[in-house]
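To start, the structure itself, in structure tokens.
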Amino acid sequence: MISYTESLDGITPEKLRGFFVGWPNPPSSAKHLEILRAAYKIWLAVDTETDNVVGFINAIGDGVLSAFIPLLEVLPEYQGEGIGSELARRMLDSLRHLYAVDLICDANVQPFYVRLGMQPYTGMVFRNYDRQSAE
Ligand SMILES: CC(C)(COP(=O)(O)OP(=O)(O)OC[C@H]1O[C@@H](n2cnc3c(N)ncnc32)[C@H](O)[C@@H]1OP(=O)(O)O)[C@@H](O)C(=O)NCCC(=O)NCCS
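Below is the structure:
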């Protein structure tokens with residue numbers, strides 16, 4: 014069974030294995046935990062049988078007007094079961110007091126977010142690939 018939580022109580026780097034699939038230089042599990050701790054809001058999906066985190070979403074923000082969702086990921090073996098939609102729905106609900114909730118995604122994922130009430134827009138990014146692992 015999958016349970017959803019906003020809490021990092023009891024979450025260790027060992028429970029955060031397998032994320033950042035396809036990243037050439039991914040953050041470590043310890044860095045991942047640091048990212049989650051520093052977030053404005055998070056939601057985690059936990060497999061209650063293994064007690065491991067199998068999906069997560071984070072938002073950074075000012076708590077006044079705007080938030081940005083940098084990361085949403087579900088472990089490959091858990092994808093296609095509605096976990097990503099549930100995490101995103103819960104996050105959008107947690108941020109509903111704000112004016113702007115933004116994220117960057119590839120064009121092929123846009124339909125996923127449109128179904129959750131978001132709209133496509135144009136954005137700009139800067140990437141410092143030397144810092145991808147955050148080490
Ligand atoms: C995107 C992601 C979080 C979706 O999680 P998930 O748990 O598989 O999503 P759901 O099971 O709720 O899927 C909902 C729908 O979105 C579709 N979808 C999921 N990922 C998609 C993708 N990468 N491209 C296009 N459609 C996608 C699914 O086909 C599904 O449609 P269906 O219900 O008609 O079959 C997951 O595929 C993932 O972690 N991908 C890698 C990281 C990533 O791309 N994150 C998004 C960054 S913006």
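Residues 14 to 148 in the working numbering are what the sequence shown lists, from first letter to last.
Glycine residues also receive a C-beta, built at the ideal position from the N, C-alpha and C atoms.
Contact check, residue i vs residue j under 8 Å by CB: the rounded distance?
i	j	result
GLY97	GLY130	Not a contact, Cβ separation roughly 15 Å.
ILE70	LEU100	4 Å
SER42	LEU29	4 Å
GLU19	ILE55	6 Å
THR11	MET14	The requested residue 11 is not part of the displayed model; the chain covers only 14 to 148.
Let me check you understand the geometry: is the CB of residue i closer than 7 Å to at least one non-hydrogen atom of ligand 1?
i	result
LEU116	yes
SER16	no
GLU94	yes
LEU85	yes
VAL59	no
VAL122	yes
GLY76	no
GLY97	yes
PHE139	no
PHE125	yes
Skipping 5 residues on each side, what residues in its chain have a beta carbon closer than 8 Å to that of residue i?
i	result
LYS44	SER146, ALA147, GLU148
TYR134	ASP115
PRO39	PHE32, PHE33, GLN145, SER146
VAL127	PRO133
LEU46	LEU21, ILE24, THR25, PRO26, LEU29
ALA107	Looking at the sequence provided, one finds Ser at residue 107 rather than Ala. Closer than 8 Å at Cβ, skipping near neighbours: GLU19, LYS54, TRP56, ALA72.
Who are the near neighbours of residue i in its chain, counting only those whose CB is closer than 6 Å to its CB and skipping five residues on each side?
i	result
GLY136	ILE117
LEU57	THR18, VAL66, PHE69
ALA113	SER79
LEU88	GLY31, VAL67
GLU86	PHE32
Between which residues of its own chain and residue i is the CB-CB distance below 7 Å, once the five residues before and five after are set aside?
i	result
ARG102	LEU129
Can at least three beta-carbon pairs, one atom from the stretch 105-123 and one from the stretch 80-91, be found at a separation below 8 Å? Contact annotation: the stretch 105-123 touches the stretch 80-91, with at least three C-beta pairs closer than 8 Å.
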